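Going by our numbering, the first residue of the sequence shown is number 324, and it counts up by one from there.
Glycine is no exception: its CB is placed at the ideal position from the N, C-alpha and C atoms.
Because the structure is a prediction, the values reported are computed rather than measured.
Remarks on the structure that follows.
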Amino acid sequence: MENWESYVRKVVPYVPGEQPQAERMIKLNTNENPYPPAPGVQRALAGFNPDTLRLYPEPTCKVLVDAIASYYGLCSDQVFVGVGSDDVLAMVFLTFFNSGKPVFFPDITYSFYDVWADMLRIPYETKALDDAFEIRVEDYYGENGGVIFPNPNAPTGILMPLDKIEDIIAHNRDVIVVVDEAYIDFGGTSCVDLIRKYDNLLVVQTYSKSRSMAGARLGFAIADAGIIADLEKIKYSTNPYNINRLTLLAGEAAVESNAYYVENAKKIAATRDMTTQKLREMGFTVLDSKANFIFAKNNAVSGRVLYEELKKKGVLVRFWGKEKIEDFLRITIGTPEQMEVLFAKTAEILQEQKGD
Ligand code: PMP
Numbered sequence: 324m325e326n327w328e329s330y331v332r333k334v335v336p337y338v339p340g341e342q343p344q345a346e347r348m349i350k351l352n353t354n355e356n357p358y359p360p361a362p363g364v365q366r367a368l369a370g371f372n373p374d375t376l377r378l379y380p381e382p383t384c385k386v387l388v389d390a391i392a393s394y395y396g397l398c399s400d401q402v403f404v405g406v407g408s409d410d411v412l413a414m415v416f417l418t419f420f421n422s423g424k425p426v427f428f429p430d431i432t433y434s435f436y437d438v439w440a441d442m443l444r445i446p447y448e449t450k451a452l453d454d455a456f457e458i459r460v461e462d463y464y465g466e467n468g469g470v471i472f473p474n475p476n477a478p479t480g481i482l483m484p485l486d487k488i489e490d491i492i493a494h495n496r497d498v499i500v501v502v503d504e505a506y507i508d509f510g511g512t513s514c515v516d517l518i519r520k521y522d523n524l525l526v527v528q529t530y531s532k533s534r535s536m537a538g539a540r541l542g543f544a545i546a547d548a549g550i551i552a553d554l555e556k557i558k559y560s561t562n563p564y565n566i567n568r569l570t571l572l573a574g575e576a577a578v579e580s581n582a583y584y585v586e587n588a589k590k591i592a593a594t595r596d597m598t599t600q601k602l603r604e605m606g607f608t609v610l611d612s613k614a615n616f617i618f619a620k621n622n623a624v625s626g627r628v629l630y631e632e633l634k635k636k637g638v639l640v641r642f643w644g645k646e647k648i649e650d651f652l653r654i655t656i657g658t659p660e661q662m663e664v665l666f667a668k669t670a671e672i673l674q675e676q677k678g679d
C-alpha cells in the first residue's frame, strides 16, 4: 500500500434512497412530496434572469432569513439556512458536538447521524427505543456531549409530545439538544417556541418535505442568536455562498405560499391515515405515523421479499433489513391514486406468496 492510502479518512457513507430515471416507477422511497411546489415558486422561477448566475449569491441570504424569521415571529439572528437540512445537520455536528463526550441518539433513527459522527470522530451512544418503538426520555438524562433526535422520529413516524421534548432539553442544559423536525408539518406541533425558554435548543427544518422542494436543497435551523452565530462561523469557514440563486428565489417565494403547503400537508395526512387503515386490514403491522411516510411490516411475507417484489412491479419503497426492523418497509405517502397502486400490487404479492 502506498503511504498516502493509510492517511485517507475512512468513512462508511450514508446510502441515499434510489432516484430511478424510469418515469413509470411509483416512487415511495425518499419521502418526497407528491404535489408540486406552490404556484408562487413556479412564477418566481419563470421570472429568473439567467444573467444573474454570473454573480455569486448573497451570502447572508437576508431576504430568505428575514422571511423565515417573520413567519415564526423571531428575529433574523435566530435563523440559519443551509443546502437542505443535511447540510445544516452536518454543520451542527461539526460545530457543537465537540466535547469528547458521547452524543446520544436513538438506535432506530435517521441513519445519517452515525455517519456524521463517525466521519467527524465524534463519540456517540445509541439509546434503544422501547417495545412500542418510542423514545424513553430517561435514557437521555446521563452525562453526554449533545443530544439529537427527529420528531416525528424517522423511520418510525412516531411523534413525541412537547412535554417529553421539554423534559429532555431541561435535563441537558449543558449541551446542545437538536430536534430534527423534517416531518413536523404532517401532524405534529413544532417545539420552536421553546427556544425562547432554552438557549441550548436547536430546531432543524427543511423545504424538502411539506414544501415540495427536495430538488432545490434548502433547510434551516432555528435557535438562540448565540447558537446561530456559532453556526455562521462554521459556514464562513467552509462554503459562504452555499445557497444558490435559484434556490434562494424559490425559498423566498415558498415562505409566502404557506397556506398552500398547509393544505397539501393535510391532504397527505389524510392519505396516510387511509393507507394505515387499509394496510392493517391487509395483515400489516403499521406504526402510528405523524409523518409523510409509514413504517409497516407484513405478518406473513418478509420485508425483503415485499420490497423486491414491489420493485419488480414498479413500486419503490425503502428497506433496510437491519436488526430489530428486518421486516419493516418505510413507505412514503403519495397521492391517493399512487397508494391504490401500492395496495393492488401488494395484494398480488401476498396472493403469489401464499401460492408458493
Ligand atoms: N432529517 C431527517 C430525519 C430526514 O429523514 C431527512 C431526509 N433524508 C433529512 C433530515 C434531510 O433532508 P433534506 O436534506 O432534504 O432537508
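Short of 6 Å from the beta carbon of TYR521, and not among the five residues preceding or following it, lie these beta carbons of its own chain, in chain order: ILE492. With a 10 Å radius around the Cβ and a threshold of 16 neighbouring Cβ atoms, ASN622 comes out exposed. Secondary structure of ASN621 (DSSP, three-state): strand. The nearest non-hydrogen atom of the ligand PMP is less than 7 Å from the C-beta of ASN354. Ranked by Cα distance from GLY405, the first of TYR564, VAL585, VAL500 is TYR564.
In the assembly as shown, GLY370 is an exposed residue. Its beta-carbon has fewer than 16 other beta-carbons within 10 Å.
In the structure shown, the three-state DSSP call for THR479 is coil. By the Cβ rule, the stretch 571–587 counts as touching the stretch 342–362, because three or more pairs are nearer than 8 Å. With 16 or more neighbouring CB atoms inside 10 Å of its own CB, SER612 falls in the buried class. By the Cβ neighbour-count rule, CYS398 is exposed, with fewer than 16 other Cβ atoms within 10 Å of its own.
Here the residues close to the ligand PMP, judged by CB distance below 5 Å to any of its heavy atoms, are GLY407, SER408, ASP409, TYR433, PRO473, ALA477, ASP503, ALA505, THR529, SER531, GLY542 in chain order. The Cβ atoms of LEU610 and GLY480 lie closer than 8 Å to each other.
When secondary structure is reduced to three states using DSSP, ASP596 falls in the helix class. In the displayed model, ASP503 falls within a strand according to three-state DSSP. In this structure ILE499 does not touch ASN476 by the C-beta definition: roughly 19 Å separates them, more than the 8 Å allowed. The stretch 430–450 and the stretch 570–577 do not touch, with fewer than 3 CB-CB distances between them shorter than 8 Å. Counting other Cβ atoms within 10 Å of its Cβ, TRP439 reaches 16 or more and is therefore classed as buried. Counting only the Cα atoms, LEU673 lies some 33 Å from ALA537. DSSP places PHE416 in the uninterrupted alpha helix (DSSP H) bounded by 407–419.
Given a length threshold of 3 residues, each whole run of the beta strand (DSSP E) inside the stretch 623–666 is given here in chain order: 652–655. Annotation for PHE416: TRP439, ALA440, LEU443, ILE445 place their beta carbon closer than 7 Å to its own, counting only its chain and skipping 5 residues before and after. Taken through DSSP and simplified to helix, strand or coil, LYS520 comes out as coil. In the structure shown, the three-state DSSP call for LYS424 is coil. In the DSSP assignment, VAL527 forms a beta bridge with ASP503, ALA544.
Looking at PHE420, PRO425, HIS494, GLU555, the one whose alpha-carbon comes closest to that of TYR464 is HIS494. Residue range 568–579 is occupied by the alpha helix (DSSP H) that includes THR570, with no beta strand (DSSP E) assigned at that position. Judged by their CB atoms, GLY678 and LEU652 are not nearer to each other than the 8 Å cut-off. When DSSP reads this structure, GLU448 sits in a beta bridge with PHE427.
Straight through space, the alpha carbons of VAL578 and ALA390 are spaced by roughly 7 Å. The alpha-carbon separation between ARG641 and SER329 amounts to approximately 35 Å.
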